[in-house]
Amino acid sequence: MRAMLELHHVGFTYRSYGDTQPHEPVLREISCVVPRGKRVLILGLPDSGKSTLTRIIGNLIPRFVEGELSGSITIDGVPLHAGKPWDLTDTCTLVAQNPQEQLLMTTCGDEVAFPLESLGIPREVMVKRIQQTLARWKLTDMMDVNPQELSGGERKRLLLATADAVDAPLWVMDEPFDDLDPAWRSVLLHRIFSGDRTVVVCASRYMDEFRGVFDSCYFLHDGILHHGSEEEIVLAFDQAAQAHVPVVESTQESDQSSKLSAEDLVIVHPRRSVSSAVPFSLSVPRFSLTTGEVVALVGPNGSGKSTFSRVLCGLDPYVSGSIGIDGNHGSREQLRTSVGYLFQNPDFGIFLPTIAEELIWSLQHNPAVPVHQHRAIIEETARLFRLRLEDNPATMSYGARKYLQAAVYYILDRPFYIIDELDSGVTYAAAFEIVSLLRQRGAAVVLITHDHTFAKNIAQRQYTIDEGKLYEQEVGL
Amino acid sequence: MTTSTFIAGKGVLYRTDARAKLLALILLCVLVFLPVSTGGIWILFGMAWVLAYHATGFRQAMQPVKSILFMLIIMTLFTPFTYREGTVVLQLGSHLMLTREALENLSILMARFLSITYLCTLYVWTTPMADINLALRWYGLSYRAALVLTLAFRFIPFIADSFAMIQDSHALRTSAIHAGKKTWKRKIADVVPTVTAALVFALKSIPYLAMSLEHRGLGRLQKRTSFRHLPARGGFLFTQMVVSVMIPTVLWVLFT
Amino acid sequence: MQQPLESRLTAIRIALTAVLTAVVVVFTLIVRVPTPIKGYISLCDVVITFSAFLFGPWVAAIAGGVGTGIADLIGGYAQWAPLSFIIHGLQGLLIALIARSKAGKDAKLLLMILAGVIGMLVMTGGYYLAGGFLYGFEAALVEIPLNLMQSGVGVILGIAVSKAVLKAYPPVRALAQ
């Protein structure tokens, strides 16, 4: 019986640019054989190379990304190097972690249709298949809607509907359970395990739903793919996740403590959601944040966590109520100066060639720091945030870019920080570290997350947003 | 950011084939520049306006006028005074004079500008972008070029949203307590960092887009089929095309 | 063994052209800078100049032409779409023919400026001619100062931004061959 997917001694190193130190190989020794019809789980910490591996399997790397590839990959008996990515369209479907990387078209119907058109499927058959798969993933009403107007979860379902429509015998999925509500996760699991498809699932979180369902489990760590029983793999994964948890340094007690508070706030979100006719509105009866605290802000996807944060840091206006710092009303400009908001995507602020220049640029906008101290400060900051001054920000790993984003704000020395979804994309350990570093000078940190366990482990207080209302709750609920 | 150019409404234009409408549009725009009577072009504008009014109501039908109002005023102010000879209609002092020829010239220019504006706008209001794309392909635009068009539309909202967040991120980073000079000088200073960040952001998405295209089969040797197609609505395509040629021709004969 | 990126890949060229077109649209419609004389200038010329310097005539012509054309359609100026397509397409084409980066080496600054000035003339002259046909040559004169300013700013910022992007994101050269 021929194996569906074979990886033999696969290794890959991203190309380094400029004068920076050469990159370490992201994959060193990846070997595994996945028999037909088996379902396989690959666990790996964020930035461990899972996405790189999925793209290698799709024959897309190094075709589109510069680097050195070694080893061989065979899908259904055909070695990849002999073919092109489009040869795999009906054999292997990749489901990317970030739907924006894969979406092509301006309507959901066209999106699902694109690979079917490539395969030369006749229109009548195509139309039926598209209707069926959109219905299965509850996207029928979105047939003519632009995917850019869908929520994150809906876009993920659109990718899954596309995979369903193509119906390839091998699925390689990169964090497919991300962004999905628990109900949809069961649907996905059911889909993965129905029929005789071969499925490889990459994940950076071990979910309860995974227990006992996969045929094989692997752990991708330091570029090596380890095989073992489910217990062994999960244990190794947990241990690696806990490693490098830094000692949380006690925060320096600031002489002055500062308090950010909001009362009777009413926020109306300007952009209407595609699926609701009523504009989104959020009410905040009472919110307070004192320097030195870590507060969690939890709520389901789309509940308004980012909306509230944008108002709190002065980017967006509010309809009524008040926001104040130490009792005085805070104008939007004052809020922007006091509250730092770290977007979930760290790339919005990158425009300079080296980390040194990015940090110095930030320093130039902190009027409290005299120029002669600049060099010393950025060297110390780079050391704290595990960054090399001469590295090029745009080509660093995602985790490094998150650290850079935090470093930039650390230099700005704001009293209040809001960090959006820090725990998705970096390890728990890294998230802890970033939070402690920002708190070093006594700042307060609001952590937006939809992971209740993470909130429980890190925050002292918690606010929850539910059904358009923000209220305080016990941590971890 | 809305990228839709289509405006829902009623009327025969919504039921006409995109290809026929395009042909009519081109021929009518040519007609506007042919030596026809000024009155004829005004009538053409009138007909276009009535179609717009019937399709989308008064307020929307006046939108194109609003968008070119500034230019119409400039035309009224500047154009008449270029004709010096001719029958004088109005004279103010020894230098400013208004001749009949000048007024006629202004009249024909305005009629042309308004007609072309309304004809093009009507086409775009009553034809969804996807249909325009298919019509262009039918006329010979290559699949790849049409694909670039579709992909551009897919990316416009994404780039627009990302740029907004890049500006926000930048605003937060440069917010300083002494916020005195946040006038246009500061806005200029903000331009290079935000534009650079936006371009880097956009460039980074290109390899992923290319990956997705090839992964989803662009490059396969077999002939692509098509999910969308343009059926000739409201009658055979041939008839519509013939009508599209006849209407401008008839108008041309009438107005010469 | 290093495997070179074949950047003339069709998919890359399609992706590159489409994304740059979208950027031109966004920069035409949304990115507006106020000027001392009343009115706004859009930064589309910055992107067109950037595309021309880095990616060559085809990409710059399509991104510039189709991008500004789409922006006109979306912005409610449908009558301008075919004209902007020709004018900005030509602008991108000429700038690229004169000052495009070849084999990893950028054109000299003087050449870039020359190319930019030619671009300015094409853009301003083109809109003047087009305006002349649409509403008369006298009225079309009015737009010349603003167009000169917009394309001038486009050249200056285009050069600045090109250099900045090359330094900030070195892999762009691989897209450019």
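Top to bottom, those sequences are chains A, B and C. For the first sequence, our numbering begins at 756 and goes up steadily by one. For the second sequence, our numbering begins at 25 and goes up steadily by one. For the third sequence, our numbering begins at 161 and goes up steadily by one. By construction, the Cβ of each residue, glycine as well, lies at the ideal position given by its N, Cα and C atoms.
C-beta neighbour in chain B for residue i, strict 8 Å
i	result
ILE988(A)	no
VAL820(A)	yes
ASP1102(A)	yes
GLY1095(A)	yes
THR177(C)	yes
LEU169(C)	yes
ARG810(A)	yes
Nearest candidate by alpha-carbon position, reference residue i, set the options
i	options	result
MET153(B)	ALA996(A), MET860(A) and HIS981(A)	MET860(A)
LEU275(B)	VAL74(B), CYS53(B), ASP192(B) and THR29(B)	CYS53(B)
LEU233(C)	LYS211(B), THR26(B), LEU278(B) and PHE251(B)	THR26(B)
GLY1104(A)	THR1208(A), ALA758(A), ALA1162(A) and GLY1076(A)	ALA1162(A)
SER139(B)	ALA76(B), THR249(B) and SER268(B)	ALA76(B)
ALA220(C)	GLY235(C), ILE201(C), GLY236(C) and PHE245(C)	PHE245(C)
GLU1018(A)	SER1036(A), ARG1041(A), PHE1035(A) and GLY832(A)	ARG1041(A)
HIS1120(A)	ALA195(B), LEU171(B) and ALA42(B)	ALA195(B)
GLN246(B)	ASP842(A), THR1109(A), GLU1222(A) and THR1219(A)	ASP842(A)
GLY291(C)	LEU233(B), ILE98(B) and PHE105(B)	ILE98(B)
LEU49(B)	ARG197(B), THR145(B) and VAL60(B)	THR145(B)
ALA851(A)	LEU975(A), GLY1095(A) and GLY813(A)	GLY813(A)
TYR232(B)	PRO1122(A), GLY1197(A), THR809(A) and ARG1143(A)	THR809(A)
GLN1055(A)	THR775(A), ILE1220(A), CYS847(A) and PRO1125(A)	According to the sequence shown, residue 1055(A) is Pro rather than Gln. Cα-wise, what sits closest to PRO1055(A) is ILE1220(A).
ALA923(A)	GLN903(A), ASP896(A), LEU871(A) and THR829(A)	LEU871(A)
ASP845(A)	ALA920(A), SER786(A), ARG1141(A) and GLN903(A)	ALA920(A)
HIS1127(A)	ILE1115(A), ARG1138(A) and ALA1137(A)	ILE1115(A)
ALA200(B)	GLU1048(A), ARG891(A), ARG1169(A) and ASN1212(A)	ARG1169(A)
Cutoff 8 Å: residue i Cβ touching any chain A Cβ
i	result
ALA32(B)	no
THR198(B)	yes
ALA334(C)	yes
MET161(C)	Low per-residue confidence applies at MET161(C): pLDDT is 39, beneath 50, and the placement is therefore not dependable, though the value from the model is reported in the following sentence. So, interface residue.
SER236(B)	yes
SER250(B)	yes
PRO331(C)	yes
THR29(B)	no
ALA221(B)	yes
ALA195(B)	yes
Beta bridge counterpart(s) of residue i as assigned by DSSP
i	result
LEU171(B)	Paired residue(s): none; LEU171(B) is not in a bridge.
CYS972(A)	LEU796(A) and GLY983(A)
TRP240(C)	DSSP, once it has assigned bridges, lists no residue as partnering TRP240(C).
TRP892(A)	DSSP output for TRP892(A) lists no bridge partner at all.
GLN1228(A)	GLN1217(A)
SER1043(A)	SER1016(A)
CYS847(A)	LEU925(A)
Minimum Cβ-Cβ distance from residue i to chain C less than 8 Å
i	result
PRO1108(A)	yes
SER229(B)	yes
LEU173(B)	yes
ALA1149(A)	yes
MET95(B)	yes
Chain C contact residues for residue i, given Cβ-Cβ distances below 7 Å
i	result
THR917(A)	Result: empty, since nearest Cβ-Cβ is about 18 Å, beyond 7 Å.
PHE137(B)	LEU294 and TYR295
Rounded Cβ spacing between residue i and residue j (contact assumed at less than 8 Å)
i	j	result
GLY908(A)	LEU943(A)	That belief does not hold up - the Cβ atoms of GLY908(A) and LEU943(A) are roughly 11 Å apart, past 8 Å.
ILE255(C)	ILE222(C)	Not confirmed; about 14 Å, so no contact.
Chain-ordered chain A contacts of residue i [CB-CB under 7 Å]
i	result
LEU242(B)	TRP841 and SER873
LYS327(C)	PRO1108
Within chain B, partners of residue i - CB distance below 8 Å
i	result
ARG878(A)	THR249, SER250, PHE251 and HIS253
LEU815(A)	MET235, GLU238 and HIS239
THR844(A)	HIS239, ARG240, GLY241 and ARG244
VAL1163(A)	ARG197
9 Å Cβ cut-off: residues of chain A touching residue i
i	result
ALA324(C)	PHE1106, LEU1107 and PRO1108
ILE212(B)	Within 9 Å Cβ-Cβ: nothing; ILE212(B) doesn't reach chain A, min ~16 Å.
Proximal chain C residues relative to residue i, where beta-carbon distance stays under 9 Å
i	result
PHE187(B)	VAL183, VAL186, PHE187, ILE190 and VAL191
SER91(B)	GLY235, GLY236 and TYR237
Proximal chain B residues relative to residue i, where beta-carbon distance stays under 9 Å
i	result
GLY279(C)	Those within 9 Å of GLY279(C) in chain B number zero; the least Cβ separation is about 17 Å.
LEU203(C)	VAL215 and VAL219
Contacts that residue i makes with chain C (C-beta to C-beta distance below 8 Å)
i	result
TYR772(A)	PRO330 and PRO331
Inset, instruction - Taking a Cβ distance cut-off of 8 Å, strictly less, list which residues of the region 852–875 of chain A are near chain F, in chain order. - result: Note that chain F does not occur in the displayed structure, where the protein chains are A, B and C.
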